[in-house]
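Take a look at the structure set out below.
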Amino acid sequence: MPEFRLFPDQASTLAPRVDNLYFFLIAVSAFFAVLVTAAVIVFAIKYRRRSEDEVGVPIHGSLALELIWTGIPFILAMVMFVWGASVYFAIVRPPAETLDIYAVGKQWMWKFQHREGQREINMLHVPANTAVRMIITSEDVLHDLYFPSFRVKTDAIPGRYTQVWFNATKPGTYHIFCAEYCGTRHSAMTGTVVVMSPEDYAAWLSGGVTEGTLGQRGEKLFTQLACSTCHMGGDTQRGPVLNGLFGSTVHLANGETVTADEAYIRESILNPTAKVVAGFPPIMPTFQGQVSEEQLLSLTEYIKALPAGKSAPGVGQLTEPVPQAAPVLQMKPQTTGAQPESKP
Ligand code: CUA
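For the sequence shown, my numbering begins at 7 and goes up steadily by one.
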């Protein structure tokens, strides 16, 4: 018979923090539920009507009583608020250094991509004692990537990147669920996260990738789709050169500026006329329908890693694993006066 458990494992640094807050809320609720119930019963007995013509004594208020029943709930509510806010911020703010893994939700499966090239479906390998950040999107409808044992989850939203982070503390296998109703087989949209020691994870990562890293796959695609024709400088250049684009401030034809984050790169590939870079004609065709979410991730990964300071990058420069790029989704303020050119 399977072991009956009220709670999943506490397998991340955030799990005990979430649980402790939850237990506190339950304890406060239980205490007052018992107190109120007991008062109702005791008072009903003690102050019951004893004769047909008995009338209650009028009450004219009590300042002390009112201060107490206002003050105590106020203090309790403030404790819950401050405590809850601190846990919330710990969950939504990943540390500066994270291991980034991409997740794509699809009816009805989870697809994961490691930057080193490994791809997984409904199975995710992560190292223990490492801050892991999932960068999440969806190919079709709303999903929600949920790690019960880590006590974190986030919506997977089509057309957008969201993120969630965790630091798994115990090697083992744990559930992955979809926590947003997404169609007939929503309840079957599950998976397994395998937490390994960092050494085992490194060994697992180095095993059997033939397609190259995510960035190398992006580079190949960049050439295949002929992005390189217009975005590489030289005689055929018709769009902005993309070196050093990621994280920079881009000046648009309509006078606005935008920070080149992942969402901007994604939009510029799928809907190039949405934000046209100043100084360039709106001639880029859309790649909507021609590239999958996974291919978009690899293109983004490639473009993110293009080093600044070279006017004409050479295809083929990514022979080494992609260096850790600037954190995704995080707006980097521009620090230099020079405006890097960008693509429409
Ligand atoms: Cu995907 Cu529910």
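Every residue gets a Cβ at the ideal spot worked out from N, C-alpha and C, and that includes glycine.
Item	Value
Are the CB atoms of A311 and G221 within a distance shorter than 9 Å?	yes
Need the endpoints of the alpha helix (DSSP H) that M86 sits in, please.	L69 to V98
Measure from the alpha carbon of T190 to the alpha carbon of each residue in M115, E72, G62 and T175, then state which is nearest.	M115
Can you check which of these residues, D15, I107 and R139, is closest to R125 by C-alpha distance?	I107
A102: which of V46, T229, W171 and V48 sits nearest, CA to CA?	W171
Where F37 and T168 are concerned, what is the direct C-alpha to C-alpha distance, given to the nearest angstrom?	38 Å
At a threshold of 8 Å, does Q113 count as lining the ligand CUA (C-beta to nearest heavy atom)?	yes
What's the call for V46, buried or exposed, on a 16-neighbour Cβ count within 10 Å?	exposed
Looking only at C-alpha atoms, which of M238, G111, T229 and G67 sits nearest to Y187?	G111
What are the boundary residues of the alpha helix (DSSP H) that I47 is part of?	L20 to K52
Should M6 be counted as a contact of the ligand CUA given a C-beta to heavy atom distance under 8 Å?	Nothing in the structure corresponds to residue 6, since the chain is present only between 7 and 350.
Does the distance from the C-beta atom of V200 to that of M129 stay below 9 Å?	yes
P319 to N249, Cα distance in whole Å?	Annotation note: pLDDT 42 at P319 (below 50); position unreliable, coordinate value reported separately. Whole-angstrom Cα-Cα distance: 7 Å.
Nearest chain B C-beta to E103 closer than 9 Å, yes or no?	Structure shown: chain B not included; a single protein chain is present.
The alpha helix (DSSP H) spanning E307 covers which residue range?	E299 to A311
Looking at D161 and the ligand CUA, is the gap between the Cβ and the nearest heavy atom below 8 Å?	no
Look at the alpha carbon of D267 and the alpha carbon of L20, and state the distance between them as a whole number of angstroms.	27 Å
Could you tell me the boundaries of the alpha helix (DSSP H) in which E205 lies?	P204 to L211
Tell me the DSSP secondary structure of H181 in three-state form.	strand
Assuming the contact rule is C-beta atoms closer than 8 Å, A174 and F156 should be a hit. Round their C-beta distance to whole Å, please.	6 Å
Quick check: what's the CA-CA separation for F87 versus S254?	37 Å
Name the DSSP bridge partner or partners of G197?	I182
Excluding the five sequence neighbours on either side, which residues of its own chain have a C-beta within less than 6 Å of the C-beta of G224, listed in chain order?	S304, L305, E307 and Y308
For a test of your reading of the model: does the CB of Y181 fall under 8 Å from any non-hydrogen atom of the ligand CUA? Yes or no.	Correcting the residue type first, residue 181 is His in the shown sequence and not Tyr. No, the ligand CUA has no heavy atom inside 8 Å of this Cβ.
What ranges does the beta strand (DSSP E) occupy inside the region 231-274, keeping only unbroken runs of at least 3 residues that lie completely in it?	255-257 and 263-265
Which residue comes first and which comes last in the beta strand (DSSP E) that contains Y167?	Unbroken run through Y167: none, as it is neither H nor E.
Apply the 10 Å Cβ neighbour rule to M84 and answer buried if 16 or more other Cβ atoms are within range, or exposed otherwise.	exposed
Could you check whether the Cβ of G250 sits closer than 8 Å to any heavy atom belonging to the ligand CUA?	no
What are the start and end residues of the beta strand (DSSP E) that includes H120?	M115 to H120
Would you tell me roughly how many angstroms separate the C-alpha atoms of N26 and I271, rounded to the nearest one?	40 Å
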